[in-house]
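Counting in numbering that gives the first Met the number 0, the sequence shown runs from 0 upward without gaps.
Virtual Cβ for every residue (Gly too), placed ideally from N, Cα, C.
Some notes on the structure that comes next.
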Amino acid sequence: MFCKYSKNLKLIQWSDTVLEIPANFKDAERRDLFWAFSHFVYKETIPVWIGYNSKTVKHDNEVHKVTFLRNYNEDSTNPSMILETLRITDSIANECGQNFAVVTYVLAMAKPAMQIQSLQSPTFDKMFIHFGAFHLFMAYFAALGKIMSESGCAHILCESGILADNSMKGFMSRRHFNRCKRLHPLLALALQLQHIKFFLSSNIHLSPGFELYLMNSYLDRDYYSENECPSELIAFLSDAYRKTWANCSVLVYMYIDYVHLYLKMSRAVRMNDVDLFTL
């Protein structure tokens, strides 16, 4: 049995220090933009975001070994229980010879865990407290629903037959989690394709080299990593971003940008990328 945690939990102070943006952040941005342009060029040939990344991303992480720890018949949000899980994580990190450890909590446990980490500093400074992805995404989808409210975007889904009228409330309030995971990237992609179409209508044409690079990057996952992206292609993409966003509603721009942020979080969770997740 573990000891009762007697200290009063207090709100922790956050630092406004700007973290250095890792190289894989720009890589994730570029891949998401390539995915959108590939959809515009090849249409039905390109799969959705998960399928596209599974074919293009080279992932060399080792296979994890999963083990189970002792079960405790206690309230998981009890500070004493959370303190015990932090101690277990610390002992496992020491046993494995690791300088840092990652421990994942649901949101109800993450807040007191971070408060305990702050009060007990430097005992648990080596730990990165990872918010549970499910509850984090649920809260994020609720925020996306607020942005979409009365914007007409949800009505586009209903009129196109993708979303039933009686399902709109559950989608906007993020109660239908799996539906939110599918439809938000789909709607953002549809809006982004319209922006790309608008940009290309100004007497700008995709070069054969551009289309070849997109297809080779999709067909061969080694091609993307072994071949540098042409500088003119990078300039083209950045120009497209700047010009298309200047001619669209700010609300639509925000929505697309925030959905791309969700995709980056999803990528970080799927690839166990702590650096990308912290941004």
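Compute the distance between the beta-carbons of L82 and I115, then report whether it is under 7 Å.
As a first step, residue 82 must be located in the sequence shown, where it is residue number 83. As a first step, residue 115 must be located in the sequence shown, where it is residue number 116. In this structure, I115 lies closer than 7 Å to L82 by Cβ.
Quick check: the Cα distance between D74 and M264, rounded to an integer number of angstroms?
Residue numbering aside, residue 74 sits at position 75 when the sequence shown is read from its first letter. Residue numbering aside, residue 264 sits at position 265 when the sequence shown is read from its first letter. Rounded to whole angstroms, D74 to M264 spans 29 Å at the Cα level.
Given a cut-off of 7 Å on the beta-carbon distance, is the pair M126 and R173 in contact?
Locating residue 126 in the sequence shown gives position 127, counting from the first residue. Locating residue 173 in the sequence shown gives position 174, counting from the first residue. Cβ distance not < 7 Å, so M126 and R173 don't count as in contact.
Quick check on DSSP: helix, strand or coil for F99?
Position 100 of the sequence shown, counted from the first residue, corresponds to residue 99. Note: F99 maps to coil in three-state DSSP.
Close-in-space but distant-in-sequence residues of the same chain around F123 (CB under 6 Å, 5 per side omitted):
Here residue 123 corresponds to residue number 124 of the sequence shown, with the count starting at 1. For F123, where only same-chain residues beyond five positions count, the Cβ hits under 6 Å are L85 and Q116.
Give me the Cα-Cα distance between D59 and Q97, rounded to the nearest whole angstrom.
Position 60 of the sequence shown, counted from the first residue, corresponds to residue 59. Position 98 of the sequence shown, counted from the first residue, corresponds to residue 97. Looking at the two C-alpha atoms, the distance is approximately 20 Å.
Taking H58 as part of the beta strand (DSSP E), name the residues at either end of that continuous run.
Taking the sequence shown and counting its residues from 1, one reaches residue 58 at position 59. Here H58 belongs to no beta strand (DSSP E), and DSSP marks it neither H nor E.
From the DSSP output, read off the bridge partner residues of F127.
For the purposes of this step, residue 127 is identified with residue 128 of the sequence shown, where counting begins at 1. F127 pairs with V101.
C-alpha distance - L156 paired with V273, whole-angstrom precision
Taking the first residue of the sequence shown as position 1, residue 156 is located at position 157. Taking the first residue of the sequence shown as position 1, residue 273 is located at position 274. Approximately 34 Å, taken between the alpha carbons.
Assign P207 to one of three DSSP states: helix, strand, or coil.
Stepping through the sequence shown from its first residue, residue 207 is reached at position 208. Three-state DSSP puts P207 in a helix.
Contact set for F276: own chain, Cβ-Cβ below 6 Å, skip 5 residues either direction:
For the purposes of this step, residue 276 is identified with residue 277 of the sequence shown, where counting begins at 1. Once the five neighbours on either side are set aside, the close Cβ partners of F276 are A267.
Is it a yes or a no for the stretch 162–171 touching the stretch 29–44, going by three-plus beta-carbon pairs under 8 Å?
no
How many angstroms separate the CA atom of K180 from the CA atom of P78?
Residue mapping note: residue 180 aligns to position 181 of the sequence shown, counting from 1. Residue mapping note: residue 78 aligns to position 79 of the sequence shown, counting from 1. So the two alpha carbons sit approximately 32 Å from each other.
Continuous alpha helix (DSSP H) assignments of at least 4 residues falling wholly in the stretch 125–198
132–147, 152–158 and 167–171
So what's M0 in DSSP terms, helix, strand or just coil?
Along the sequence shown, read from residue 1 onward, the residue named residue 0 stands at position 1. Residue placement at M0 cannot be trusted, given a pLDDT of 46 that sits under 50; what the coordinates show is reported in the next sentence. Three-state result, M0: coil.
Any idea what DSSP makes of F67, helix, strand or coil?
Position 68 of the sequence shown, counted from the start, is the residue given in the question as residue 67. It is coil, neither helix nor strand.
On the CB-based measure, 16 or more other CB atoms within 10 Å of its CB, does F130 come out buried or exposed?
Translated into the one-based positions of the sequence shown, residue 130 becomes position 131. With 16 or more Cβ atoms within 10 Å of its Cβ, F130 is classed as buried.
So, A107 versus T76, is the Cβ gap smaller than 7 Å?
Counting from 1 along the sequence shown, the entry for residue 107 is found at position 108. Counting from 1 along the sequence shown, the entry for residue 76 is found at position 77. Yes, they are a contact pair.
Report buried or exposed for P207, applying the criterion of at least 16 other Cβ atoms within 10 angstroms of its Cβ.
Translated into the one-based positions of the sequence shown, residue 207 becomes position 208. By the neighbour-count rule (16 or more Cβ atoms within 10 Å), P207 is not buried but exposed.
Under three-state DSSP, which class holds E19?
Translated into positions along the sequence shown, residue 19 becomes position 20. Three-state DSSP puts E19 in coil, outside helix and strand.
Buried/exposed call for H194, threshold 16 Cβ in 10 Å:
Along the sequence shown, one-based indexing puts residue 194 at 195. When all chains shown are included, H194 counts as buried.
DSSP state of D74 mapped onto helix, strand, coil:
Along the sequence shown, read from residue 1 onward, the residue named residue 74 stands at position 75. In this structure, D74 counts as coil in the three-state DSSP scheme.
Should Y104 and A92 be called a contact, given that it needs their Cβ atoms to be closer than 7 Å?
As a first step, residue 104 is located in the sequence shown; it is residue number 105 there, counting from the start. As a first step, residue 92 is located in the sequence shown; it is residue number 93 there, counting from the start. No. Outside cutoff.
Do Y217 and T66 have their beta-carbon atoms positioned less than 7 Å apart in this structure?
As a position in the sequence shown, residue 66 is number 67, starting the count at 1. As a position in the sequence shown, residue 217 is number 218, starting the count at 1. The answer is no: Cβ separation not under 7 Å.
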